[in-house]
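Asks:
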DNA sequence: CGATGGTTTGACGCTACTCAACATAAGTGG
DNA sequence: CCACTTATGTTGAGTAGCGTCAAACCATCG
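Residue numbers (the working numbering), protein chains in the order written: chain E, 1 to 264; chain A, 265 to 528.
Here you go:
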């Protein structure tokens with residue numbers, strides 16, 4: 001893993017949510033792109049992205065860098081770290097819509113609908129590439145291929161949402177937990193985040209509960225049960241699947257191989 | 265309403281799922297577009313769409329015109345009628361992901377991911393504009409504005425999915441029912457489907473249950489309760505909201521006014 | 001008239017929620 | 001270094017909401 005935050009939570013990061021990123025590479029040197037896990041791109045497009053990118057941003061775990069009420073439609077690419085999109089009801093009930101991994105593009109919806117209507121929060125220390133919302137139509141006009149890629153990314157995220165909707169709507173607690181682990185593992189795998197058969201797992205049980213539409217207590221009991229069944233293992237914040245077959249059988253998940261997606 | 269199917273279910277339609285549409289207007293005469301409920305478009309773009317459209321298609325209620333296993337990535341615009349997207353588990357549990365109203369664009373995800381992974385079924389007799397999947401990139405290149413619009417539509421649908429995920433994940437039965445009615449009414453309103461303060465309501469209780477992640481029986485009891493409370497009314501398949509305020513309070517729904525979206 | 005699809009109601013059981021307490025680890029300030 | 005706090009995980013007890021089963025009702029249609 002290129003940028004790791006799991007060795008030490010790096011408490012020094014503190015509340016420096018908008019510190020100018022000191023060591024951000026140029027897009028041409030983007031470590032993420034170089035990993036070879038993303039769809040290819042033309043040099044022209046790469047140059048355009050570099051130019052389109054306005055700033056970089058770091059955020060500490062727990063930072064809500066898009067608020068649910070936000071109206072400024074900035075666009076982000078998650079460069080490193082984990083985050084999640086969420087919505088809340090006025091009495092505090094929270095639903096995590098989906099988790100965001102490196103390469104995920106954030107903020108398209110705000111640009112079209114008025115305002116965000118969903119929040120985004122960092123799970124780990126994250127670094128973000130920030131793009132202005134104004135140039136969007138220009139991007140489509142100058143480099144249609146990039147517009148195409150944006151639509152592609154949007155479609156991919158929709159597929160994840162579909163999955164999650166099926167999960168919260170129709171799967172029971174054990175199936176939900178199994179599904180979440182499989183999905184996260186699969187997605188992390190696609191972007192090259194598997195190390196020694198394990199992926200970072202920065203969620204606490206409250207996150208799991210909020211993602212699956214379960215209560216904290218019941219989530220705990222369910223996770224313990226699957227743990228006792230030897231289906232997975234979490235050590236020092238790293239998740240490994242000990243019985244993928246059983247997990248898939250339990251979750252009724254298909255093992256469609258995830259193909260590379262573009263990186264903007 | 266321009267094309268009505270609610271007067272009589274038109275059982276004569278039978279299984280003519282691929283009958284050549286006899287009376288489909290040219291895009292320039294599109295009744296839907298003329299309704300003035302969609303974002304404006306340039307004449308060039310209109311001409312392109314007309315040319316892009318390959319065929320038209322009618323389907324009777326209950327017709328699954330995109331199967332979950334489908335791999336051919338045809339694109340559709342729902343011209344008239346209601347439909348819904350769904351996913352199923354192998355033991356038959358079904359989750360309705362979202363309902364489709366006139367103007368909704370269908371099939372983008374298949375084009376990018378391999379295969380559909382979701383099905384689409386007609387709720388009423390529907391008419392569809394069919395586009396080939398191959399020309400998509402060309403569309404982006406020739407008329408970036410249309411590509412932009414496609415992304416726009418995709419973002420709008422994602423917003424609906426977010427809502428639905430919050431609903432199934434964190435709202436209780438009564439709140440879910442209230443939310444569904446509000447959402448459908450609002451969306452129908454945007455495309456000019458409100459007649460005398462009511463909208464067509466072609467869902468049966470099984471549909472409602474599958475959309476909300478509830479059992480049929482519990483859905484029935486919940487709907488009865490809200491009915492008794494005087495929150496809504498369904499007569500002859502037409503839904504009217506009798507106490508919008510109370511519904512919104514119950515569902516904890518914001519009353520964001522939906523803006524027009526593009527029509528492809 | 002029976003058949004069919006949808007709605008309605010009651011009885012009962014289980015899944016998942018709430019409340020509450022305790023455990024553990026790590027951080028904080030004195 | 002220790003008392004204190006905070007965040008997170010764990011477990012038990014009791015309960016409510018929702019699911020399942022079953023049967024009846026109702027309208028439409030052939």
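Every residue, glycine too, gets a C-beta built ideally from N, C-alpha and C.
Are the CB atoms of residue 130 of chain E and residue 57 of chain E within a distance shorter than 8 Å?
Replies: Their beta carbons are under 8 Å apart, which means residue 57 of chain E touches residue 130 of chain E by this criterion.
Asks: For the segment 323-336 of chain A, enumerate the residues whose C-beta is nearer than 7 Å to any C-beta of chain E, in chain order.
Replies: Within the segment 323-336 of chain A, no residue qualifies.
Asks: Can you tell me where the beta strand (DSSP E) holding residue 359 of chain A begins and where it ends?
Replies: It spans 358-364 - the beta strand (DSSP E) in which residue 359 of chain A sits, taken as one unbroken run.
Asks: What does the alpha-carbon distance come out to for the pair residue 127 of chain E and residue 63 of chain E?
Replies: Whole-angstrom Cα-Cα distance: 12 Å.
Asks: Between residue 223 of chain E and chain A, is there a C-beta pair that is closer than 8 Å?
Replies: Taking Cβ atoms only, chain A never reaches closer than 8 Å to residue 223 of chain E, which makes this a no.
Asks: Buried or exposed, going by whether 16 or more other CB atoms sit within 10 Å of the CB of residue 245 of chain E?
Replies: Exposed, by the Cβ-count rule.
Asks: Suppose you measure from the CA of residue 149 of chain E to the CA of residue 264 of chain E; what does that come to, to the nearest Å?
Replies: Roughly 8 Å separates the two Cα atoms.
Asks: Is there a Cβ from chain A that is less than 8 Å from the Cβ of residue 118 of chain E?
Replies: Chain A contact via Cβ: present.
Asks: How about residue 412 of chain A: is its C-beta nearer than 8 Å to some C-beta of chain E?
Replies: Yes, contact with chain E.
Asks: Tell me which same chain residues have a C-beta within less than 7 Å of the C-beta of residue 420 of chain A, skipping the five on either side of it?
Replies: Excluding residues within five positions, the ones whose Cβ falls inside 7 Å are 525.
Asks: Count the other C-beta atoms from every protein chain shown that fall within 10 angstroms of the C-beta of residue 8 of chain E, then say buried if there are 16 or more, exposed otherwise.
Replies: Residue confidence for residue 8 of chain E is low, a pLDDT of 34 falling below 50, so the modelled location carries little weight and cannot support an answer.
Asks: Can a CB atom of chain A be found closer than 8 Å to the CB of residue 83 of chain E?
Replies: Taking Cβ atoms only, chain A never reaches closer than 8 Å to residue 83 of chain E, which makes this a no.
Asks: Report the neighbours of residue 405 of chain A on chain E: residues whose CB is nearer than 7 Å to its CB, in chain order.
Replies: In chain order: 144.
Asks: Could you have a look at residue 341 of chain A and say whether DSSP puts it in helix, strand or coil?
Replies: Residue 341 of chain A falls in the strand class under three-state DSSP.
Asks: Roughly how many whole angstroms lie between the Cα atoms of residue 243 of chain E and residue 230 of chain E?
Replies: Cα-Cα distance, rounded: 7 Å.
Asks: In whole angstroms, give me the CA-to-CA distance for residue 21 of chain E and residue 497 of chain A.
Replies: Reliability fails at residue 21 of chain E, whose pLDDT of 46 lies under 50, so the model's placement of it is uncertain and the value that follows must be treated cautiously. Answer to the nearest angstrom: the Cα atoms are 57 Å apart.
Asks: Please go through the same chain and pick out, in chain order, the residues whose beta-carbon is closer than 6 Å to the beta-carbon of residue 388 of chain A, but skip the five residues on each side of it.
Replies: Hits under 6 Å: 269, 325, 345, 346 and 466.
Asks: Does the Cβ of residue 197 of chain E have 16 or more other Cβ atoms within 10 Å, making it buried, or fewer, making it exposed?
Replies: With fewer than 16 other Cβ atoms within 10 Å, it is exposed.
Asks: What does DSSP give as the partner residue(s) for residue 199 of chain E in the beta ladder?
Replies: In DSSP, residue 199 of chain E forms a bridge with E/239.
Asks: Is the number of C-beta pairs between the segment 440-453 of chain A and the segment 465-485 of chain A that are closer than 8 Å three or more?
Replies: With a cut-off of 8 Å, the segment 465-485 of chain A and the segment 440-453 of chain A count as touching, because enough Cβ pairs lie within range.
Asks: Assuming residue 94 of chain E and residue 120 of chain E make a contact with CB atoms under 8 Å, what is their CB distance in whole Å?
Replies: Not quite, the Cβ-Cβ distance comes to about 13 Å (not below 8 Å), so this is no contact.
Asks: Please state the DSSP three-state secondary structure of residue 521 of chain A.
Replies: Residue state, collapsed to three classes: coil.
Asks: Give the residues of chain E in contact with residue 395 of chain A, contact being defined as C-beta atoms less than 9 Å apart.
Replies: Here the premise fails: no neighbours, minimum Cβ distance about 14 Å.
Asks: Output needed in chain order: residues of the segment 192-205 of chain E with a Cβ under 8 Å from some Cβ in chain A.
Replies: From the segment 192-205 of chain E, no residue has a Cβ closer than 8 Å to chain A.
Asks: Under the three-state reduction of DSSP, which class applies to residue 49 of chain E: helix, strand or coil?
Replies: Correct three-state label for residue 49 of chain E: helix.
Asks: Which one of E/105, E/211, E/180 and E/182 has the shortest CA to CA distance from residue 147 of chain E?
Replies: With distances taken between Cα atoms, residue 147 of chain E lies closest to E/105.
Asks: Consider the Cβ of residue 135 of chain E: report whether some Cβ of chain A lies at a distance smaller than 8 Å.
Replies: Not one chain A Cβ lies under 8 Å of residue 135 of chain E.
Asks: Measuring CB to CB, does residue 375 of chain A end up less than 8 Å from residue 400 of chain A?
Replies: It is a contact, given that the beta carbons lie within the stated cut-off.
Asks: Using the Cα positions of residue 70 of chain E and residue 228 of chain E, report the straight-line distance between them to the nearest angstrom.
Replies: Straight-line Cα distance between these residues: approximately 43 Å.
Asks: Going by DSSP, what residue range makes up the alpha helix (DSSP H) through residue 163 of chain E?
Replies: Segment 144-170, the alpha helix (DSSP H) holding residue 163 of chain E.
Asks: For residue 418 of chain A, would you say it is in contact with chain E, using Cβ-to-Cβ distances shorter than 8 Å as the test?
Replies: So, interface residue.
Asks: Applying a beta-carbon distance threshold of less than 9 Å, which residues of chain E neighbour residue 297 of chain A?
Replies: Chain E residues near residue 297 of chain A: none, gap ~19 Å exceeds 9 Å.
Asks: Inspect the beta-carbon positions of residue 122 of chain E and residue 182 of chain E and report whether they are closer than 8 Å.
Replies: Not closer than 8 Å, so no.
Asks: Measuring only between beta-carbons, confirm whether residue 108 of chain E sits less than 8 Å from chain A.
Replies: Judged by the 8 Å Cβ criterion, residue 108 of chain E is in contact with chain A.
Asks: Could you give the residue range of the alpha helix (DSSP H) that holds residue 220 of chain E?
Replies: Here the alpha helix (DSSP H) through residue 220 of chain E covers 216-228.
Asks: Indicate the three-state DSSP secondary structure (helix, strand or coil) for residue 353 of chain A in the structure shown.
Replies: Residue 353 of chain A falls in the coil class under three-state DSSP.
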